[in-house]
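Notes follow the structure.
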Amino acid sequence: MNIIVLNGSPKGDLSATLQYVRYVAKKNPQHEFSTLHIARDIQKIENDPQRFAADIDQVAAADVVLWSFPLYYLLVHAHYKRFIELIWERHATAAFQGKYTLAIATSIHFYDHTALQYIHTVCDDLGMCFLDDFSADMQDLLDTDKRHRLLMFADNALRTAAQQRPTFQIPQPALVEPSPYRPGPAPSAPSAVDSGDKRVLIITDAKDPAGNQAQMVSRLQASFGGQAEVVNLQELRIETSCLGCIQCGYDNCCPLEDRDDFIPFYRDRVMTADILIYAGTIRDRYLSARWKTFFDRTFFMGHIPNIKGKQIGIVLAGPLIRNPHLREILQAYFEMMEANLVAIISDEGNDSVTL
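Numbering (numbering that gives the first Met the number 0), first residue to last: 0 to 354.
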């Protein structure tokens, strides 16, 4: 069979996850494995329509699609997430529909289940035949028993695909868009929320000023009597997501620090705020790739709970109730940061008044 590997690591050929795939390929010479370096080459893929089309053609010609990725903050890398968005934006879903597919992920087994659940739901939304997934520790390839487990997984999955056997599919709730939100008049002083000497920062990635997210942010800012600062991630110069080089492990200094706006913004405005409100829109079972880039880039602080003790609110546009793994990811992230997640609200209310 022809197996196309979608590599989700920004490190390309040096990806630890890709070595697991290559081991499987070495032990299965009867199959042809080809690799597309999705996360490494995302800027070329996004900016060059011919490159994107060529990659999609390879997917369409394959018998099996193998998603290969390391975990980046409880999910896939932001560049991988952007590729998934492009599949829908550029109407390329037909290339994936009906294809057998499987996933191999590497991590330290910390919330790997949420990343795999995300990929599984994406595959179901694409109409693919999901075979199975394999979650490996980054060092498992050095262990004889764990290599055997990997080969058993691959043999079972590829045999199922070769024999065209049916796969078990988990029906996914439809991504129904909530009703348009039309905010009423904002409270005037003294009814507005008085934040006192506490600094409030609202971070958004809204593109459509008439969309629900932008409308909710506007209403929320007005509720603070205009005292809350609003920053749109679309207006920041963020050149790339985390490169996974781990150079920040020595002193929390990122080699990207002087290349764009992210780290000065995060140090000077996010880490100094008292109340942080994150506003986003659900896209293909997560938030946007722009938001994923934000979370990935915060890794320059390593595992330091750098927003410890801050009050957190999350405002989402989209079907949160249909994506329980997203709620779990957000709760886990802020628990890891030792921040106090006050609430997650969405625009799923019956009407604007309720919301």
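Even for Gly, the Cβ is constructed at its ideal location relative to N, Cα and C.
Would you kindly check if the distance between the Cβ of residue j and the Cβ of residue i is under 7 Å?
{"i": "V58", "j": "F68", "result": "no"}
{"i": "I276", "j": "G312", "result": "yes"}
{"i": "A61", "j": "N155", "result": "no"}
{"i": "T92", "j": "C128", "result": "no"}
{"i": "S134", "j": "A160", "result": "no"}
{"i": "Y180", "j": "N231", "result": "no"}
{"i": "A77", "j": "A288", "result": "yes"}
{"i": "N6", "j": "L13", "result": "no"}
{"i": "A52", "j": "M137", "result": "no"}
{"i": "R218", "j": "P182", "result": "yes"}
{"i": "L235", "j": "D260", "result": "yes"}
{"i": "V216", "j": "A278", "result": "yes"}
{"i": "F294", "j": "Y72", "result": "yes"}
{"i": "I379", "j": "R81", "result": "Residue 379 lies beyond the range of the chain shown here (0 to 354); nothing can be said about it."}
{"i": "A227", "j": "Q220", "result": "yes"}
{"i": "I344", "j": "V314", "result": "yes"}
For residue i, which residues from the same chain have a beta carbon less than 8 Å from its beta carbon, with the 5 sequence-adjacent residues on both sides left out?
{"i": "D54", "result": "L35, I37, I44"}
{"i": "N251", "result": "F299, M300, G301, I303"}
{"i": "L115", "result": "A102, A104, D132, S134"}
Cutting at 6 Å between CB atoms, please list the residues of its own chain near residue i, excluding the five before and the five after it.
{"i": "A272", "result": "R198, L200"}
{"i": "K145", "result": "D139"}
{"i": "P184", "result": "none"}
Report yes if the C-beta of residue i is less than 6 Å from at least one heavy atom of the ligand SAM; otherwise report no.
{"i": "G317", "result": "Although the ligand SAM was asked about, the structure shown includes no ligands whatsoever."}
Residues in the same chain with beta-carbon distance under 7 Å from residue i, minus the five sequence neighbours each way, listed in chain order, please.
{"i": "D207", "result": "A213"}
{"i": "D111", "result": "L70, A104, S134"}
{"i": "I83", "result": "V121, D283"}
Let me check understanding here. Comparing Cα to Cα, which of the options lies closest to residue i?
{"i": "H302", "options": "A331, M336, Q226, A209", "result": "M336"}
{"i": "N339", "options": "D346, H78, R158, Q330", "result": "Q330"}
{"i": "M283", "options": "I41, F261, D136, H119", "result": "Here residue 283 turns out to be Asp, not Met, going by the sequence shown. For D283, the nearest C-alpha among the options comes from H119."}
{"i": "L85", "options": "D47, F32, Q226, I306", "result": "D47"}
{"i": "Y19", "options": "M151, I169, Q42", "result": "M151"}
{"i": "L242", "options": "Q29, A24, N27, R39", "result": "R39"}
{"i": "Y265", "options": "R81, Q168, T292", "result": "T292"}
{"i": "I169", "options": "D124, A209, D56, R148", "result": "D124"}
{"i": "Q310", "options": "P318, V341, E347", "result": "V341"}
{"i": "D378", "options": "Q29, Y332, S240, T280", "result": "For the chain, the structure presents residues 0 to 354; residue 378 sits outside this window and is missing."}
{"i": "S308", "options": "F333, Y285, G317, P318", "result": "The sequence as given places Gly at residue 308; Ser does not occur at that position. The residue with the shortest Cα to Cα distance from G308 is F333."}
{"i": "L319", "options": "G224, N251, P177", "result": "P177"}
{"i": "G126", "options": "T100, I344, L115, G225", "result": "T100"}
{"i": "T239", "options": "I202, L286, P9", "result": "P9"}
{"i": "S33", "options": "R50, V64, L315", "result": "V64"}
{"i": "G11", "options": "S345, C244, P263, A114", "result": "C244"}
{"i": "Q290", "options": "W66, Q49, Y79", "result": "Just to set this straight, residue 290 is Trp in the shown sequence, not Gln. If we check each option's Cα against that of W290, Y79 comes out closest."}
{"i": "R164", "options": "L130, A316, R50", "result": "L130"}
{"i": "P28", "options": "A153, I306, Q233", "result": "A153"}
Legend entry - Whole runs of the beta strand (DSSP E) within the segment 149 to 209, excluding any shorter than 3 residues: 199 to 203
Inset, instruction - Evaluate the contact criterion for the segment 296 to 306 versus the segment 83 to 98: three or more CB pairs, one atom per stretch, below 8 Å. - result: no
Legend entry - Contained alpha helix (DSSP H) runs [length at least 4] in the segment 49 to 113, N- to C-terminal order: 77 to 88
Inset, instruction - Inspect the CB distances between the segment 312 to 329 and the segment 259 to 269 and report whether three or more fall short of 8 Å. - result: Flag = no, the segment 312 to 329 and the segment 259 to 269 do not touch.
Legend entry - Complete runs of the beta strand (DSSP E) confined to the segment 215 to 298 [at least 3 residues]: 228 to 231, 274 to 280
Inset, instruction - Write down every uninterrupted run of the beta strand (DSSP E) in the segment 1 to 45 whose length is 3 residues or greater and which is fully enclosed by it, in chain order. - result: 1 to 6, 31 to 36
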